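Read through the structure below, which is laid out as structure tokens, and then see the notes.
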Amino acid sequence: MLTTTGYNESSLIIIIRQLCTHVHQILINIDTFIKTRGQAYHAKQLRSNQRSNFERFINIHDNIRQSLLFIFHLNASILFSLDNIRCIDLKYSSLLMKILRIWLTFVENTVTLSNITRNRWDEIANLCSTSIDKSTKIILKL
Numbered sequence: 002m003l004t005t006t007g008y009n010e011s012s013l014i015i016i017i018r019q020l021c022t023h024v025h026q027i028l029i030n031i032d033t034f035i036k037t038r039g040q041a042y043h044a045k046q047l048r049s050n051q052r053s054n055f056e057r058f059i060n061i062h063d064n065i066r067q068s069l070l071f072i073f074h075l076n077a078s079i080l081f082s083l084d085n086i087r088c089i090d091l092k093y094s095s096l097l098m099k100i101l102r103i104w105l106t107f108v109e110n111t112v113t114l115s116n117i118t119r120n121r122w123d124e125i126a127n128l129c130s131t132s133i134d135k136s137t138k139i140i141l142k143l
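Here the sequence shown is numbered in our numbering, starting from 2 and rising by one per residue.
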């Protein structure tokens with residue numbers, strides 16, 4: 002017989018939905034940025050600061066992509082394992098929620114910072130590093 006451990010499936014699903022919605026918006030923002038600035042960059046029509054901004058994006062693009070892939074894999078793993086997650090104790094389920102909240106904060110901030118009017122790629126790179134560090138500390142507690 003399984004006992005209830007304080008695990009709340011609905012809050013987990015809500016966070017996963019929010020993560021997916023925000024990641025989708027980030028991808029739209031990046032696609033818009035690449036389409037508008039990429040063509041102008043290759044045609045050498047960007048001002049110096051716009052060119053520098055586009056080059057900063059190119060430098061961190063792989064990190065952003067890897068972070069978003071990690072979020073998708075984490076979400077998929079959780080969704081496929083919901084029955085097993087019900088069986089874990091409160092400590093592990095709360096650590097899982099903390100990890101999801103870290104990445105939710107990351108994607109919420111990245112949506113704003115990746116907007117075509119903002120383009121704060123260095124700040125996104127710092128957020129990514131911070132999120133990885135925080136997640137690592139939580140994972141090491143396991």
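Even for Gly, the Cβ is constructed at its ideal location relative to N, Cα and C. This one's a predicted model, so the numbers in the text were calculated from it and none came from an experiment.
Does the beta-carbon distance from I27 to L70 come in below 8 Å? no
Would the segment 99-111 count as touching the segment 33-43 if we require 3 or more Cβ pairs under 8 Å? no
Write down the C-beta distance between I117 and T37 rounded to the nearest angstrom, noting that I regard them as a contact closer than 8 Å. 7 Å
Terminal residues of the continuous alpha helix (DSSP H) containing T120? The sequence shown places Asn at residue 120, rather than the Thr named in the question. No alpha helix (DSSP H) contains N120, which DSSP labels as neither H nor E.
Specify, as a first and last residue, the run of the alpha helix (DSSP H) that I59 falls within. S49 to F81
Classify S115 as buried or exposed, calling it buried when 16 or more other Cβ atoms lie within 10 Å of its own Cβ. Of the residues assessed, S115 falls on the buried side of the cut-off, its CB having 16 or more other CB atoms within 10 angstroms.
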